[in-house]
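Numbering (my numbering), first residue to last: 1 to 169.
A virtual CB, placed ideally from N, CA and C, is assigned to each residue, including glycine.
Just so it is clear, the structure is predicted and the values come from calculations on it, not from any experiment.
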(Lines of atoms letter the chains of each structure in order from A and count residues from 1; the text may use other names and numbers.)
(Lines give C-alpha, C1' and ligand atoms only; values in the text may rest on other atoms or scores of the structure.)
Protein backbone atom coordinates (compact mmCIF):
# COMPACT_ATOMS: atom_id res chain seq x y z
CA UNK A 1 0.00 0.00 0.00
CA UNK A 2 1.33 3.42 -0.92
CA UNK A 3 1.53 5.94 1.86
CA UNK A 4 2.39 9.60 1.68
CA UNK A 5 3.97 11.67 4.39
CA UNK A 6 2.11 14.63 5.77
CA UNK A 7 3.44 17.29 8.07
CA UNK A 8 1.36 18.52 10.97
CA UNK A 9 1.96 20.73 13.96
CA UNK A 10 1.57 19.19 17.38
CA UNK A 11 0.22 21.04 20.41
CA UNK A 12 3.66 22.58 21.10
CA UNK A 13 3.90 23.95 17.55
CA UNK A 14 6.52 21.42 16.54
CA UNK A 15 6.13 19.82 13.16
CA UNK A 16 6.07 16.05 12.90
CA UNK A 17 5.71 13.80 9.91
CA UNK A 18 2.91 11.24 9.90
CA UNK A 19 2.07 8.60 7.37
CA UNK A 20 -1.44 8.86 5.99
CA UNK A 21 -3.47 7.24 3.25
CA UNK A 22 -3.51 9.23 0.02
CA UNK A 23 -6.84 10.86 -0.74
CA UNK A 24 -8.14 10.90 -4.26
CA UNK A 25 -8.63 14.41 -5.54
CA UNK A 26 -11.52 13.31 -7.70
CA UNK A 27 -13.60 10.36 -6.69
CA UNK A 28 -14.16 8.07 -9.65
CA UNK A 29 -17.76 7.65 -10.61
CA UNK A 30 -19.13 4.43 -11.95
CA UNK A 31 -21.39 5.08 -14.87
CA UNK A 32 -24.52 2.96 -14.84
CA UNK A 33 -24.67 0.40 -17.63
CA UNK A 34 -26.52 1.51 -20.72
CA UNK A 35 -29.81 -0.28 -21.25
CA UNK A 36 -31.03 -1.64 -24.55
CA UNK A 37 -34.07 -3.57 -25.74
CA UNK A 38 -33.69 -5.73 -28.82
CA UNK A 39 -36.68 -6.21 -31.08
CA UNK A 40 -37.03 -9.08 -33.53
CA UNK A 41 -35.74 -6.92 -36.41
CA UNK A 42 -32.44 -6.33 -34.62
CA UNK A 43 -31.93 -9.96 -33.66
CA UNK A 44 -32.79 -11.22 -37.15
CA UNK A 45 -30.40 -8.67 -38.68
CA UNK A 46 -27.69 -10.01 -36.38
CA UNK A 47 -28.47 -13.67 -37.07
CA UNK A 48 -28.54 -13.12 -40.83
CA UNK A 49 -25.49 -10.83 -40.84
CA UNK A 50 -27.53 -8.05 -42.43
CA UNK A 51 -27.00 -4.32 -42.27
CA UNK A 52 -26.88 -3.28 -38.60
CA UNK A 53 -25.57 -6.65 -37.39
CA UNK A 54 -22.32 -5.03 -36.26
CA UNK A 55 -24.21 -2.62 -33.97
CA UNK A 56 -26.14 -5.48 -32.38
CA UNK A 57 -22.91 -7.42 -31.97
CA UNK A 58 -21.31 -4.50 -30.11
CA UNK A 59 -24.30 -4.31 -27.78
CA UNK A 60 -24.12 -8.05 -27.07
CA UNK A 61 -20.37 -7.77 -26.41
CA UNK A 62 -21.09 -4.93 -24.00
CA UNK A 63 -23.64 -7.10 -22.23
CA UNK A 64 -21.17 -9.98 -21.93
CA UNK A 65 -18.65 -7.57 -20.42
CA UNK A 66 -21.22 -6.27 -17.94
CA UNK A 67 -21.09 -2.80 -19.46
CA UNK A 68 -24.64 -2.88 -20.81
CA UNK A 69 -27.99 -4.30 -19.81
CA UNK A 70 -29.86 -5.89 -22.68
CA UNK A 71 -33.51 -6.93 -22.60
CA UNK A 72 -35.92 -8.65 -24.93
CA UNK A 73 -39.59 -9.38 -24.37
CA UNK A 74 -40.52 -13.03 -24.89
CA UNK A 75 -43.31 -11.97 -27.28
CA UNK A 76 -40.57 -10.73 -29.60
CA UNK A 77 -38.65 -13.99 -29.12
CA UNK A 78 -41.83 -15.79 -30.20
CA UNK A 79 -41.94 -13.52 -33.23
CA UNK A 80 -38.40 -14.63 -34.19
CA UNK A 81 -39.50 -18.25 -33.77
CA UNK A 82 -42.51 -17.98 -36.07
CA UNK A 83 -40.70 -15.87 -38.69
CA UNK A 84 -37.89 -18.44 -38.85
CA UNK A 85 -40.40 -21.28 -39.06
CA UNK A 86 -42.18 -19.55 -41.98
CA UNK A 87 -38.93 -18.84 -43.85
CA UNK A 88 -37.25 -22.18 -43.15
CA UNK A 89 -38.84 -24.93 -41.04
CA UNK A 90 -39.66 -25.90 -37.47
CA UNK A 91 -36.26 -27.48 -36.82
CA UNK A 92 -34.50 -24.25 -37.83
CA UNK A 93 -36.94 -22.24 -35.70
CA UNK A 94 -36.09 -24.27 -32.59
CA UNK A 95 -32.37 -23.96 -33.34
CA UNK A 96 -32.63 -20.17 -33.64
CA UNK A 97 -34.78 -20.04 -30.50
CA UNK A 98 -32.11 -21.94 -28.54
CA UNK A 99 -29.33 -19.75 -29.94
CA UNK A 100 -31.07 -16.51 -29.00
CA UNK A 101 -31.93 -17.83 -25.53
CA UNK A 102 -28.17 -18.14 -24.88
CA UNK A 103 -27.49 -14.49 -25.68
CA UNK A 104 -26.48 -12.26 -22.74
CA UNK A 105 -30.01 -10.88 -22.65
CA UNK A 106 -32.56 -10.68 -19.86
CA UNK A 107 -35.76 -12.09 -21.30
CA UNK A 108 -38.80 -10.27 -19.99
CA UNK A 109 -41.85 -12.41 -19.33
CA UNK A 110 -43.71 -9.52 -17.76
CA UNK A 111 -47.37 -9.19 -18.67
CA UNK A 112 -48.12 -6.73 -15.91
CA UNK A 113 -50.85 -4.17 -16.19
CA UNK A 114 -48.26 -1.41 -16.76
CA UNK A 115 -46.72 -3.27 -19.67
CA UNK A 116 -50.04 -4.31 -21.21
CA UNK A 117 -51.53 -0.83 -20.99
CA UNK A 118 -48.37 0.81 -22.34
CA UNK A 119 -48.31 -1.63 -25.26
CA UNK A 120 -52.04 -1.11 -25.82
CA UNK A 121 -51.63 2.66 -25.85
CA UNK A 122 -48.81 2.41 -28.40
CA UNK A 123 -50.98 0.16 -30.61
CA UNK A 124 -54.07 2.38 -30.34
CA UNK A 125 -52.21 5.54 -31.31
CA UNK A 126 -49.88 4.17 -34.00
CA UNK A 127 -49.86 1.86 -37.01
CA UNK A 128 -47.55 -0.70 -35.42
CA UNK A 129 -47.65 -4.47 -35.11
CA UNK A 130 -48.92 -5.63 -31.73
CA UNK A 131 -45.80 -7.74 -31.06
CA UNK A 132 -43.67 -4.65 -31.69
CA UNK A 133 -45.56 -2.74 -29.02
CA UNK A 134 -44.12 -5.15 -26.43
CA UNK A 135 -40.56 -4.21 -27.39
CA UNK A 136 -41.52 -0.52 -27.29
CA UNK A 137 -43.31 -0.85 -23.94
CA UNK A 138 -40.36 -2.76 -22.48
CA UNK A 139 -38.02 0.02 -23.60
CA UNK A 140 -40.31 2.64 -22.09
CA UNK A 141 -40.68 0.88 -18.74
CA UNK A 142 -36.99 -0.09 -18.49
CA UNK A 143 -35.88 3.42 -19.52
CA UNK A 144 -33.87 1.72 -22.25
CA UNK A 145 -33.00 2.35 -25.88
CA UNK A 146 -34.88 0.24 -28.41
CA UNK A 147 -32.60 -1.27 -31.05
CA UNK A 148 -34.38 -1.71 -34.38
CA UNK A 149 -34.43 -0.93 -38.06
CA UNK A 150 -38.18 -1.41 -38.39
CA UNK A 151 -39.74 1.82 -39.71
CA UNK A 152 -43.01 1.01 -37.91
CA UNK A 153 -41.40 2.48 -34.78
CA UNK A 154 -40.90 5.92 -36.39
CA UNK A 155 -44.04 7.44 -34.76
CA UNK A 156 -42.68 6.44 -31.32
CA UNK A 157 -39.48 8.49 -31.60
CA UNK A 158 -40.83 11.10 -29.20
CA UNK A 159 -41.98 8.48 -26.68
CA UNK A 160 -38.94 6.20 -26.50
CA UNK A 161 -35.25 6.37 -27.33
CA UNK A 162 -34.46 4.42 -30.52
CA UNK A 163 -31.13 3.28 -31.92
CA UNK A 164 -31.74 2.86 -35.64
CA UNK A 165 -29.73 0.10 -37.30
CA UNK A 166 -29.49 -0.48 -41.01
CA UNK A 167 -31.08 1.92 -43.44
CA UNK A 168 -34.47 3.02 -42.20
CA UNK A 169 -36.81 4.53 -44.75
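Item to check | Ranges of the beta strand (DSSP E) found wholly within the region 74-139, counting only runs of at least 3 | outcome: Counting only unbroken stretches of 3 or more residues, the beta strand (DSSP E) elements lying wholly within the region 74-139 are 106-108, in sequence order.
Checklist entry - Is the region 59-76 touching the region 97-113, taking contact as three or more C-beta pairs under 8 angstroms? => result Touching, per the Cβ criterion.
Item to check | Contact set for residue 79: own chain, Cβ-Cβ below 8 angstroms, skip 5 residues either direction | outcome: If you number the chain shown from 1, residue 79 lands on position 79. 40 and 131, listed in sequence order.
Checklist entry - Does the region 52-63 come close enough to the region 89-99 that 3 or more CB-CB pairs lie under 8 angstroms? => result Contact annotation: the region 89-99 does not touch the region 52-63, with fewer than three C-beta pairs closer than 8 angstroms.
Next on the checklist: Please give the ranges of any alpha helix (DSSP H) in the region 40-80, keeping only runs that are unbroken, at least 4 residues long and fully inside the region.
Outcome noted: Correct list: 40-47 and 53-64.
Item to check | Residues sharing a beta bridge with residue 162, DSSP | outcome: Stepping through the chain shown from its first residue, residue 162 is reached at position 162. As DSSP reads the structure, residue 162 sits in a beta bridge with 146.
Next on the checklist: Between the region 131-150 and the region 158-166, can you find at least three pairs of beta-carbon atoms closer than 8 angstroms?
Outcome noted: Between the region 158-166 and the region 131-150 there are three or more C-beta pairs closer than 8 angstroms, enough to call the two in contact.
Checklist entry - In terms of residues, what are the limits of the beta strand (DSSP E) holding residue 38? => result One-based indexing of the chain shown puts residue 38 at position 38. Per DSSP, residue 38 belongs to the beta strand (DSSP E) from 34-38.
Item to check | Candidates 67, 57, 52 and 58, of which the one nearest residue 34 by Cα | outcome: Position 34 of the chain shown holds residue 34. Per the Cα distances, 67.
Next on the checklist: Looking only at its chain, what residues have a beta carbon closer than 6 angstroms to the beta carbon of residue 56, apart from the 5 residues adjacent to it on each side?
Outcome noted: Here residue 56 refers to the residue found at position 56 of the chain shown. Counting only residues of its own chain and dropping the five nearest sequence neighbours on each side, residue 56 has a CB closer than 6 angstroms to the CB of 42 and 46.
Checklist entry - residue 82: buried (16+ other C-beta within 10 angstroms of its C-beta) or exposed? => result As a working note, residue 82 is residue 82 in the chain shown. Per the 10 Å Cβ criterion, exposed.
Checklist entry - Going by C-alpha distance, which of 154, 145, 140 and 87 is nearest residue 120? => result Taking the first residue of the chain shown as position 1, residue 120 is located at position 120. Of 154, 145, 140 and 87, the residue nearest in Cα terms is 140.
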